[in-house]
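Before any comments, here is the structure.
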Amino acid sequence: MNDSQLNSTASSQIFDKAVGVWLPGIFCVLGIVGNMVSLAVLSLDRSISPTFLTLKALALSDIILLSAAFLQQVVPIYAMLEQCMSSLCLRVLPYLHGYLWPIICITQMTSVYFTVLISAERYAAICLPLRTKQLRSLARIRSSILFITTFSIVFNIPKFFELSFKTELTQQPMTNMTLKVVIMEDGALRRQPLYRYLYNSALYAVLMYALPLVVLTVLNISIVQHMQKARQRWSELNRALQRELKATAVPLCIVVVFVLCGTQALITFILDAVYVDAVQGSWLQTYTAIANLFIIFNSAVNFVIFYMFGSKFRRLLRGAVPCCSLYAAMGTRPGTPILRRRFNPSRVTEDLQDGGRTSCDVQSFTATANTVIKLT
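Sequence positions in the sequence shown follow my numbering and run 745 to 1120.
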């Protein structure tokens, strides 16, 4: 082996570890923690808004997706790169890889259509305000979530039968020990051309990516157009519609991230169907690994989007964190002397509009705050 081959092998190992283990591993761990925090914070909303209900469903789906992806992709690739030859690795990892794949497909489909549901809910709130109570009722949203979950499970049931497993005995050359090895291979169902091209490629590409992308594009173009018109007469809008417009930033950002990441996965499905009988070149393996990384990133970035673009989410988060609840209650930020900050009546007015305090509470709070200011 010459120097160029050694350098190529070393570069390939670095790429495999970075894109196959470390980056997806970090995204999975941070995404699981972030989605769990998001789910807990969104559950603090006492109003039980339709938007938060769909966002909670998306966060829960992404938690399951990231957990399955970590065990299905990161752990086996790490064991392979580290040349793990223990009996546990040789017998358990193939089953782990094979049976978690349908779980990933199910949760990925639920996440995709929960994203569509979020956009549809925002479309009803912004573009159809006269029918918003009927279209955005909690019963309708819950029924939609249940339907999406049931359909995703039923549609992906065949994936549990795509692979087959057989046990072989192998002898290690170094120790002369005989070990049982589980071999994973394509099952009879996956080898069927009709199944491979119709279900696993055409239907999956349409239902998982093409159809959602088209629907999301149409809905969000209409939402953006209505938002632009509404902002031109912002002062004429009532507070309820203003809140709905502000709450649309998070769904729009989620859709943009999904479009960027989902397009890569759609191309991967098409290439996988075309080259199923051929030896995949390094370019296709590289592209598939990067596309898988995009899918994981799409499910892991929710907390960042919620925090950056969701003002109500930030308020709920500050109220839930013990070290920030006192500052949030007094209208201050960490590092600001509480007794030397002037009282801000507009903040109390905002709390009133959110259903926080009564008028008597405002008067007593104002008197107490002014007394504290005079003492300083």
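Backbone N, C-alpha and C fix where the C-beta goes; we use that ideal spot for every residue, glycine too.
For residue i, count the other beta carbons within 10 Å of its own beta carbon; 16 or more makes it buried, fewer makes it exposed. Which is it?
i	result
Glu865	buried
Val994	buried
Ala762	exposed
Met1052	exposed
Glu826	exposed
Gln969	exposed
Gln817	buried
Val1001	buried
Ser881	exposed
Ile770	exposed
Ile1014	exposed
Ala823	buried
Gln878	exposed
Val819	buried
Thr992	buried
Ile1049	buried
Leu1037	buried
Ile792	exposed
Val856	buried
Distance, Cα to Cα, residue i vs residue j?
i	j	result
Ser1055	Ala1064	14 Å
Arg790	Thr893	25 Å
Ser887	Val1045	26 Å
Tyr867	Gln1008	26 Å
Val1018	Ile850	23 Å
Leu890	Ser805	12 Å
Val926	Ile862	42 Å
Ala813	Asn964	29 Å
Cys833	Arg975	58 Å
Leu996	Gln1029	32 Å
Lys924	Leu907	19 Å
Ile758	Tyr1031	16 Å
Arg1058	Val836	42 Å
Thr961	Leu933	35 Å
Ser1043	Ser945	22 Å
Asp724	Arg1062	A query on residue 724 cannot be resolved here, the shown segment of the chain reaching from 745 to 1120 and no further.
Whole-angstrom Cβ separation of residue i and residue j, contact assumed at under 8 Å?
i	j	result
Leu1010	Tyr953	4 Å
Ala803	Leu783	4 Å
Lys800	Leu786	5 Å
Met971	Leu989	6 Å
Met699	Pro838	No statement about residue 699 is possible, as the shown extent of the chain runs from 745 to 1120 and does not include it.
Phe909	Gly842	7 Å
Ile807	Ile776	6 Å
Ile1040	Pro768	5 Å
Lys798	Phe858	First, the residue type needs correcting, since residue 798 is Thr and not Lys in the sequence shown. Indeed, because the Cβ distance is near 6 Å, the residues count as touching under 8 Å.
Phe1047	Gly764	That belief does not hold up - the Cβ atoms of Phe1047 and Gly764 are roughly 24 Å apart, past 8 Å.
Leu957	Gly1006	6 Å
Assess contact between the stretch 868-877 and the stretch 934-941, defined as three or more Cβ pairs (one per stretch) separated by less than 8 Å. Is contact present? no
Taking only runs that begin and end inside the stretch 862-887, name each unbroken beta strand (DSSP E) of 3 or more residues, in chain order. none
Touch test, the stretch 837-848 against the stretch 896-909, Cβ-Cβ under 8 Å, three pairs minimum: Taking a cut-off of 8 Å for Cβ pairs, the stretch 837-848 and the stretch 896-909 touch, as three or more such pairs fall below it.
Which ranges does the beta strand (DSSP E) cover as unbroken runs of at least 3 residues, wholly within the stretch 988-1046, from first to last along the chain? As summarised for the stretch 988-1046, there are no continuous beta strand (DSSP E) elements at least 3 residues long confined to that stretch.
Please go through the stretch 791-825 and give each complete alpha helix (DSSP H) segment of 4 or more residues, from N-terminal end onward. Complete alpha helix (DSSP H) runs here, min 4: 794-813 and 819-825.
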